[in-house]
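Scroll down for the structure; my scribbles are underneath it.
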Amino acid sequence: LNEYVQEFSDPWKFKKEGINDFLRRRSLLNENTVKQISSGITCVGDGNSFICDGRGKYFVPGTSIKGAIRTSVLYHFLKELKNSNNENFRNDVVGKIEHKLKEYSKVKSAYINAKRQNNLQEARIKSREMDNIEKSFDKDIVENKFLNFLDDMVKKGIVKVGPNTDLLRTVKVSDSKIDEVRRENIRVICFRNNGSFYFGKTKRRDGTERQISLDYECLHEDTEFTTEILLDFELLNKFYPDSKILFNDISSLINIIKEFGESQWIEERNFFQKVPEIPEITEFYNQNISHPLLRVGWGTGMLGTTIDLLLDPPLRQRIRNEVM
1 LNEYVQEFSD
11 PWKFKKEGIN
21 DFLRRRSLLN
31 ENTVKQISSG
41 ITCVGDGNSF
51 ICDGRGKYFV
61 PGTSIKGAIR
71 TSVLYHFLKE
81 LKNSNNENFR
91 NDVVGKIEHK
101 LKEYSKVKSA
111 YINAKRQNNL
121 QEARIKSREM
131 DNIEKSFDKD
141 IVENKFLNFL
151 DDMVKKGIVK
161 VGPNTDLLRT
171 VKVSDSKIDE
181 VRRENIRVIC
191 FRNNGSFYFG
201 KTKRRDGTER
211 QISLDYECLH
221 EDTEFTTEIL
231 LDFELLNKFY
241 PDSKILFNDI
251 SSLINIIKEF
261 GESQWIEERN
271 FFQKVPEIPE
281 ITEFYNQNIS
291 HPLLRVGWGT
301 GMLGTTIDLL
311 LDPPLRQRIR
321 NEVM
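Under UniProt numbering, the first residue of the sequence shown is numbered 1, with each subsequent residue one higher.
Okay, structure coming up:
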């Protein structure tokens, strides 16, 4: 232990090498144990708590709501593009996503080969490259396509593109106070290709299996809370003068949010109608909910945090299986 503390008193050296390499060089771990440590094994756990402030009070962060609004706005813009010019959408969005997937798959193969050859330095490099490609999906494809929407104004010097003129800087969202939450026990349903399903299982750290049963704190059904969404018109006009922007008042912004929520609801309802063996879920989606709104927090899912609803199912599956 003293040798470890002495060697890694330099934070940079610890970041560069790590405990795995330290133990390997001293033959303190056998090969099988090292592989298990480096494989990134995770176990599904229980007891996840609802977010609280410093005084232990429950709340929904305004930043989480704003992130969901951002996804709604990007979805709306790309849906408009797809409906008006599907060929452009396929070239500029779908084509680039497919290119990114090929790039990711190539780097992932190199990462796996490096792991098999115990080339840890190369594996770390490829792991970082994979992370960068994941993060670049929205920035390089979705957001850049949105900026092209403003291209004419950028060329004329009317609009300056950059993080300081981000459209969502004009939207301010307050935190929402929550009085009470409850604990729910959640089981995970897994679907097979033939449409049948089973309740998911996971391995304990001792290698034995157990059914996945998650204990989470969540809001009561029909919980009411208030948040405040403000649109800074002065900032909006400063960033995008004389532009036909996606929204120019709170009402149009709320409609964009509702559109995205309703699209998710319809997609999921159609999916679960094919699984009549779970009547509770079918009944849930048959409710008369006039305007589904935002989804935030655990369980939002891939379709709630991306624009993937606009993509064909096979491409969605590739993204889910290869990247997520």
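Here a beta-carbon is modelled for each residue, glycine too, at the ideal position from N, C-alpha and C.
Values in this document were obtained by computation on a predicted structure and should not be read as measured data.
- Secondary structure of residue 176 (DSSP, three-state): strand.
- It is roughly 42 Å from the alpha-carbon of residue 70 to the alpha-carbon of residue 206.
- Where residue 185 is concerned, there is no enclosing alpha helix (DSSP H), although the beta strand (DSSP E) around it starts and stops at 181-187.
- The beta-carbon distance between residue 201 and residue 187, rounded to whole angstroms, is 10 Å. This is too long to meet the 8 Å contact definition.
- Across the structure, residue 64 and residue 295 are spaced so that their CA atoms are roughly 9 Å apart.
- Contiguous beta strand (DSSP E) elements confined to the region 35-118 do not occur, taking only those with 3 or more residues.
- By DSSP's assignment, residue 213 forms a beta bridge with 187.
- Residue pairing for residue 231: DSSP places it in a beta bridge opposite 171.
- Residue 54 counts as exposed, since fewer than 16 other beta carbons sit within 10 angstroms of its beta carbon.
- DSSP places residue 285 within a helical segment (H, G or I) once states are collapsed to three.
- Out of 232, 133, 126 and 197, the CA that lies nearest to the CA of residue 171 is found in 232.
- In the three-state DSSP reduction, residue 272 falls in the helix class (H, G or I).
- Under the DSSP definition of a beta bridge, residue 199 partners with 189.
- In this structure, the alpha-carbon of residue 208 lies about 20 Å from that of residue 215.
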